[in-house]
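**Q** As numbered in the numbering used here, residues 2 to 195 make up the sequence shown, in order.
Think of the CB as a built atom: it goes at the ideal place given N, C-alpha and C, for glycine as much as any other residue.
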Amino acid sequence: MSILKSLKANPSVNTALLMRNLYFVRAAFALIWALGLLSLVTMPALVIFLLILYPAFDAGFALYDAYVHRASKNTLAQKTNVVISLLTVIVVLVVTSMGVPAILRVFGVWAILTGGIELVTAIRRWKELSGQAVLVFGGAVSILAGSSFIALAGRPTSGLSTLAGYALMGSWQFLFSALRLIKQARQNAQTDLH
Numbered sequence: 002m003s004i005l006k007s008l009k010a011n012p013s014v015n016t017a018l019l020m021r022n023l024y025f026v027r028a029a030f031a032l033i034w035a036l037g038l039l040s041l042v043t044m045p046a047l048v049i050f051l052l053i054l055y056p057a058f059d060a061g062f063a064l065y066d067a068y069v070h071r072a073s074k075n076t077l078a079q080k081t082n083v084v085i086s087l088l089t090v091i092v093v094l095v096v097t098s099m100g101v102p103a104i105l106r107v108f109g110v111w112a113i114l115t116g117g118i119e120l121v122t123a124i125r126r127w128k129e130l131s132g133q134a135v136l137v138f139g140g141a142v143s144i145l146a147g148s149s150f151i152a153l154a155g156r157p158t159s160g161l162s163t164l165a166g167y168a169l170m171g172s173w174q175f176l177f178s179a180l181r182l183i184k185q186a187r188q189n190a191q192t193d194l195h
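(1) Is the separation between the beta-carbon of Val81 and that of Ile118 shorter than 9 Å?
(2) Let me make sure I understand the geometry here. Which of Thr43, Trp173, Pro45, Thr76 has the alpha-carbon closest to that of Val121?
(3) If you draw a straight line from the C-alpha of Lys184 to the C-alpha of Trp127, how long is it?
(4) How long is the line joining the alpha carbons of Val107 and Ala72, rounded to whole angstroms?
(5) Taking the alpha helix (DSSP H) that Leu77 falls in, what are its first and last residues?
(6) Beta carbon of Val92: closer than 8 Å to some heavy atom of the ligand HEM?
(7) Which first and last residues belong to the alpha helix (DSSP H) in which Val121 is found?
(8) Give every residue of the same chain whose Cβ lies closer than 7 Å to the Cβ of Ala123, excluding the five residues on either side of it in the sequence, and list them in chain order.
(9) How big is the Cα-Cα spacing for Pro157 and Gln79?
(10) Can the beta-carbon of Val48 be found less than 9 Å from the beta-carbon of Leu161?
(11) Is the beta carbon of Thr43 less than 9 Å from the beta carbon of Leu105?
(12) Going by C-alpha distance, which of Asp59, Val84, Gly37, Ser159 is nearest Pro102?
Here it is in C-alpha cells:
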C-alpha cells in the first residue's frame, strides 16, 4: 500500500502528519518571533507589530488545528482559542500606548487562557496522538508563565524580554511534539502496510 493510500485509509496517520507539520511551523515561528523581539526591542513600531503578530498567528494555528480535527466534530477548544487570540490582538493594539506593564498583563491573561485550552486539548488527544505529554507540560507552563507576566507587570524592571523567553520555550515544546509525531506517523503507516 502506498503512503498516499495509507493516509486516506487511516485518518490517524493523516492527522499525525498534519499536526506534525503544524508543530514544526509553530516551533519555527516562535523561535523567529522571540529572536525578532529581542533584536528589535529598541524599535517601538516593529515591536508593536510583533506583539500583534504572535496572537494573530496563534489564532491561525488554532484555526488550522480545528480544520485538521474537523472529522471529530469536537473543535470547540480550537475555535475558542481563535476567538481569544483575535481578542488579544485587539486589546494589545489598545494597550500598547499604556506601556510594558499593560502589555505584560494582556499577554499574561492570554497565556493563561490559551495554556488552559492547550492543557485540556492535549489530555483529550492523549490516546489519539503521541507527543501530547509535551503539550500537557506546555499548557501548564503557559498558565504559570501567564501568571508570572501579570505578577511581574508591576515591577519597574519588567521588560518584554520575558515574552521572548516564553516564546522560546514554546518553540522547543512544539519541536519535541513534532518529532514525536514523526515516529507515530511512521508506526501507523507501517501498521497499515501489514
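**A** Result, derived from the coordinates:
(1) The amino acid occupying residue 81 in the given sequence is Thr; Val does not appear at that position. Contact flag set, yes.
(2) It is Thr76.
(3) If you take the alpha carbons of Lys184 and Trp127, they lie about 15 Å apart.
(4) One C-alpha to the other measures close to 33 Å.
(5) Looking at the DSSP string, the run of the alpha helix (DSSP H) that includes Leu77 is 77–96.
(6) Although the ligand HEM was asked about, the structure shown includes no ligands whatsoever.
(7) Membership of Val121 in the alpha helix (DSSP H) is indicated by the continuous run 101–125.
(8) Excluding positions up to five away in sequence, the list reads Gln133, Leu136, Val137, Gly140.
(9) Whole-angstrom Cα-Cα distance: 35 Å.
(10) It is a contact, given that the beta carbons lie within the stated cut-off.
(11) The criterion of a C-beta distance shorter than 9 Å is not satisfied by Thr43 and Leu105.
(12) Out of Asp59, Val84, Gly37, Ser159, Ser159 has the C-alpha closest to the C-alpha of Pro102.
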